[in-house]
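*Asks:* Before I ask anything, here is the structure I am working with.
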Amino acid sequence: MAKFAHDEVVPYQQSEKGKKEQVAEMFNSIAFRYDFLNRFLTAGIDIQWRKKAIQQLKDIHPQLVLDVATGTADVAIMTPQMLKTNK
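To get my numbering, take the position in the sequence shown, counting from 1, and add 1.
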């Protein structure tokens, strides 16, 4: 497996926790602020971006949608509501 410079970066070297756990904790601590700032800084346009992306799926009538790496799951929550998918 390739080795990259960021493989050696650990957020808090003095911590006994591993990098993966530290990153998960950092994400969890900023998730609420991220949503708020995203909404505030885009003046709410971020909601329209999500809706537009989801609308692009409407013509293919998906029954299942896999939401990968969308941060705080706004897309995952909105998709079944808008498209009436099974999941």
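Every residue, glycine too, gets a C-beta built ideally from N, C-alpha and C. It should be emphasised that the depicted structure is a prediction, and the values quoted were computed from it without experimental measurement.
1. Whose CA, out of K52, T73, T71 and V69, lies closest to the CA of Q82?
2. Keeping to the same chain, check which residues put their C-beta closer than 6 Å to that of K20; ignore five residues upstream and five downstream.
3. What is the C-beta distance between T73 and D36, in whole angstroms, given that I count them as a contact (C-beta under 8 Å)?
4. With distances taken Cα to Cα, identify the nearest neighbour of F33 among L84, D75 and M79.
5. Comparing alpha-carbon positions, which option in T80, K4 and F28 lies nearest Q49?
6. Identify which residue in M27, N39 and K59 has its Cα closest to the Cα of I84.
7. Grouping DSSP H, G and I as helix and E and B as strand, with all else coil, what is H98?
8. Express the C-alpha separation of Q56 and L65 in angstroms, rounding to a whole number.
9. For M27, I'd like the list of residues in its chain whose CB is within less than 8 Å of its CB, leaving aside the five on either flank, ordered along the chain.
*Replies:* Checking against the coordinates, here is how it stands:
1. For Q82, the closest of K52, T73, T71 and V69 by C-alpha to C-alpha distance is K52.
2. Here the set comprises V11.
3. Contact holds; Cβ gap of about 5 Å.
4. Taking only the C-alpha atoms, the option nearest F33 is D75.
5. Out of T80, K4 and F28, T80 has the C-alpha closest to the C-alpha of Q49.
6. First, the amino acid is wrong: residue 84 is Leu here, not Ile. The candidate whose alpha carbon is nearest that of L84 is K59.
7. Any property of residue 98 remains undetermined from this structure, which presents the chain solely from 2 to 88.
8. Rounded to whole angstroms, L65 and Q56 show a C-alpha spacing of 15 Å.
9. Contacts found: P12.
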